[in-house]
């Protein structure tokens, strides 16, 4: 699977220091494509959701013990937390420490308790990413975070920041919310002004922009490495591959300049190739498509990629921050799928359909579609993916996730899907 023509995620091409990199901070930090924004409406219109519990006398009751707002010393750094999202916490840390000049609150890997805490304070009809992120925020606040960062979108998650903030405040948490979705589409200086106001009034604009360029390159290198990892990791000893990947993440986490980022990437690719065997002449190849959060985050999809890699297949996944934000080209993708899509059907729909079509054209053996339960844009994609399946005679496995934490049924479906495409391939 090749990346979009304007993407730099092909790991076979070395990253060079003079590669052009567009400055699209608004996209990376939540520049959504919401239709309501197009109509000029603002996020604060309409009723505000509340998750408060009331006492018998009608006064709101707190769900957590009221905490004193942490009083920082004059020169103490603000403590900032993101939610956990795949391997991007490396770039999030860099953004906090080198762009915002603040202290990063590192969260542990999300687990069953994380999801259960978020789900307990969420409406049943919100998507699973909302519950994951809300659980992450609770853990971050319990760890002493002063500021929570919300940049999600470009679907209805772009509106969830305000709802999550309301829920957390009703529970009794005291914090600031840096919600980039609320200023989506505005000039870059508006993002800088908001960061100065909420996080660091002494923020250097020049240093911040310089740091953002490094952060963009870091994200591109993380995604490029992951492309190569998905392609080859199934053909090496699992312990050796995991060790090489962990070493790459550690090196990337220590990088502070573009040169160091590129050096970490090149070293990581060399280590990965040294721990994996050459691909078989005709490996089973599976393309992964789907929703922005669920398709990317292993804790949200019950580690589907690892399960498939353990079956010794070659994987590809176009959905990542590089392809969907930094180097996204909606008009070009729309032209590629013109026979299937006439209108913009949602934030990740075009990339999902375009990627599936490319996998089919390139002779992949199967496609796995991942989404959260009730994700309307990806539900709209499903009939189109079925058409692609019929036109190119390629099987598609549809997986939908909510708050489940058991992977028993998932294992059975993946094994059956693998057996089916393996038999089809052998019969050709």
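Numbering (this note's numbering), first residue to last: 72 to 499.
We treat Cβ as the ideally placed atom computed from N, Cα and C, and that holds for glycine.
Distance check for residue 283 and residue 96, CA to CA, integer angstroms please. As a first step, residue 96 must be located in the chain shown, where it is residue number 25. As a first step, residue 283 must be located in the chain shown, where it is residue number 212. Interpretation of residue 96 is limited by its pLDDT of 36, a score under 50 that renders its predicted location unreliable; no figure is taken from the coordinates.
Short check: CB of residue 417 to CB of residue 226, under 8 Å? Walking along the chain shown from the start, residue 417 turns up at place 346. Walking along the chain shown from the start, residue 226 turns up at place 155. Their beta carbons are under 8 Å apart, which means residue 417 touches residue 226 by this criterion.
The segment 294–313 contacting the segment 181–194, beta-carbon criterion three pairs below 8 Å: no
Taking the CB atoms as reference points, tell me whether residue 231 and residue 196 lie closer together than 8 Å. Counting from one through the chain shown, the residue named residue 231 turns up at place 160. Counting from one through the chain shown, the residue named residue 196 turns up at place 125. No, they are not a contact pair.
In three-state terms, what does DSSP make of residue 472? Translated into the one-based positions of the chain shown, residue 472 becomes position 401. Reduced to three states, the DSSP call for residue 472 is strand.
Apply the 10 Å Cβ neighbour rule to residue 235 and answer buried if 16 or more other Cβ atoms are within range, or exposed otherwise. On the chain shown, position 164 is the one that residue 235 refers to. So residue 235 counts as buried.
Could you have a look at residue 104 and say whether DSSP puts it in helix, strand or coil? As a working note, residue 104 is residue 33 in the chain shown. Residue placement at residue 104 is flagged as unreliable, the pLDDT there being 30, under the threshold of 50; a coordinate-derived value is accordingly withheld.
If you drop the 5 nearest sequence neighbours on each side, which residues of the same chain put their C-beta closer than 6 Å to that of residue 489? The residue you call residue 489 lines up with position 418 of the chain shown. Within the same chain, 382 come within 6 Å of residue 489 by CB-CB distance, once the 5 residues on both sides are set aside.
8 Å Cβ cutoff met for residue 358 and residue 387: By one-based count along the chain shown, residue 358 stands at place 287. By one-based count along the chain shown, residue 387 stands at place 316. Contact flag set, yes.
Below 8 Å on the Cβ atoms is my contact criterion, and I expect residue 246 with residue 218 to pass it. Report the Cβ-Cβ distance as a whole number of Å. Here the question's residue 246 lines up with position 175 in the chain shown. Here the question's residue 218 lines up with position 147 in the chain shown. Confirmed, Cβ separation roughly 7 Å.
Can you give me the C-alpha to C-alpha distance between residue 397 and residue 287, rounded to a whole angstrom? For this step, residue 397 is matched to residue 326 along the chain shown. For this step, residue 287 is matched to residue 216 along the chain shown. Taking the straight line joining both Cα atoms gives about 7 Å.
Pull up the distance between the alpha-carbon of residue 291 and that of residue 321, whole angstroms please. For this step, residue 291 is matched to residue 220 along the chain shown. For this step, residue 321 is matched to residue 250 along the chain shown. Going by the C-alpha atoms only, they are around 16 Å apart.
So, is residue 502 buried or exposed, given that buried needs 16 or more other C-beta atoms within 10 angstroms? Only positions 72 to 499 of the chain appear in this structure, which leaves residue 502 out of reach.
Alpha carbon to alpha carbon, how far is residue 179 from residue 293? Give it in angstroms, no decimals. As a position in the chain shown, residue 293 is number 222, starting the count at 1. As a position in the chain shown, residue 179 is number 108, starting the count at 1. In a straight line, the C-alpha of residue 293 is about 20 Å away from that of residue 179.
Looking only at its chain, what residues have a beta carbon closer than 7 Å to the beta carbon of residue 211, apart from the 5 residues adjacent to it on each side? Against the chain shown, residue 211 aligns to sequence position 140. Closer than 7 Å at Cβ, skipping near neighbours: 152, 176, 178 and 219.
Starting from the C-beta of residue 279, find all residues in its chain whose C-beta is less than 6 Å away, skip the five residues before and the five after it, and write them out in chain order. On the chain shown, residue 279 is found 208 positions in, with the first residue counted as 1. Excluding sequence neighbours, residue 279 sits near 170.
How do the segment 450–461 and the segment 430–442 stand: do at least 3 beta-carbon pairs fall below 8 Å, yes or no? The segment 450–461 is in contact with the segment 430–442.
With residue 436 and residue 392 assumed to form a contact (beta carbons below 8 Å), what rounded beta-carbon distance in angstroms separates them? On the chain shown, position 365 is the one that residue 436 refers to. On the chain shown, position 321 is the one that residue 392 refers to. The Cβ separation is near 27 Å, so there is no contact.
DSSP state of residue 99 mapped onto helix, strand, coil: Locating residue 99 in the chain shown gives position 28, where the first residue counts as 1. Confidence is the limiting factor: at residue 99 the pLDDT is only 40, short of 50, which leaves the residue's position unreliable, though a coordinate-based value still follows. Correct three-state label for residue 99: helix.
Cβ of residue 323 within 8 Å of Cβ of residue 312? One-based indexing of the chain shown puts residue 323 at position 252. One-based indexing of the chain shown puts residue 312 at position 241. Cβ atoms of residue 323 and residue 312: not closer than 8 Å.
For residue 450, the residue or residues it bridges with in DSSP: Walking along the chain shown from the start, residue 450 turns up at place 379. Paired residues: none, contrary to the question.
Cβ distance (whole Å) where residue 346 is taken to contact residue 315 below 8 Å: To locate residue 346, count along the chain shown from 1; it is residue 275. To locate residue 315, count along the chain shown from 1; it is residue 244. Between residue 315 and residue 346 the Cβ distance is about 5 Å, and since that is below 8 Å, they are a contact.
Within a Cβ cutoff of 7 Å, which residues of the same chain sit near residue 350, ignoring the five residues on either side of it in sequence? Here residue 350 is taken as the residue at index 279 of the chain shown, counted from 1. Excluding positions up to five away in sequence, the list reads 303, 306 and 385.
Spatial neighbours of residue 275 within its chain, please: CB distance less than 8 Å, with the 5 preceding and 5 following residues excluded, ordered by chain position. Taking the first residue of the chain shown as position 1, residue 275 is located at position 204. Closer than 8 Å at the Cβ level, and outside the excluded window around residue 275, lie 172.
Can you say whether residue 216 is buried or exposed, counting buried as having 16 or more other CB atoms within 10 angstroms of its CB? For the purposes of this step, residue 216 is identified with residue 145 of the chain shown, where counting begins at 1. It counts as buried.
Taking residue 483 as the reference, give the member of 470, 299, 161 and 426 with the closest Cα. Residue numbering aside, residue 483 sits at position 412 when the chain shown is read from its first letter. For the residues 470, 299, 161 and 426, the minimum Cα distance to residue 483 belongs to 470.
Any idea which residues DSSP pairs residue 183 with across the strands? In the chain shown, the residue the question calls residue 183 occupies position 112. The partner list for residue 183 (beta bridge, DSSP) is empty, contrary to what the question assumes.
Within the chosen definition, does the segment 251–265 reach the segment 155–168 through at least 3 CB pairs nearer than 8 Å? no
Mapping DSSP to helix, strand and coil, what is residue 221? On the chain shown, residue 221 is found 150 positions in, with the first residue counted as 1. Reduced to three states, the DSSP call for residue 221 is strand.
Can you say whether residue 480 is buried or exposed, counting buried as having 16 or more other CB atoms within 10 angstroms of its CB? Position 409 of the chain shown, counted from the start, is the residue given in the question as residue 480. With fewer than 16 other Cβ atoms within 10 Å, it is exposed.
What are the start and end residues of the beta strand (DSSP E) that includes residue 151? Here residue 151 refers to the residue found at position 80 of the chain shown. Run containing residue 151: 150–152, per the beta strand (DSSP E) assignment.
Alpha-carbon spacing of residue 432 relative to residue 407, whole angstroms: For this step, residue 432 is matched to residue 361 along the chain shown. For this step, residue 407 is matched to residue 336 along the chain shown. Between residue 432 and residue 407, the alpha-carbon positions lie close to 12 Å from each other.
How is the beta strand (DSSP E) around residue 333 delimited, first residue to last? Within the chain shown, numbered from 1, the residue matching residue 333 stands at position 262. Counting along the chain, residue 333 falls outside any beta strand (DSSP E), though it belongs to the alpha helix (DSSP H) covering 329–345.
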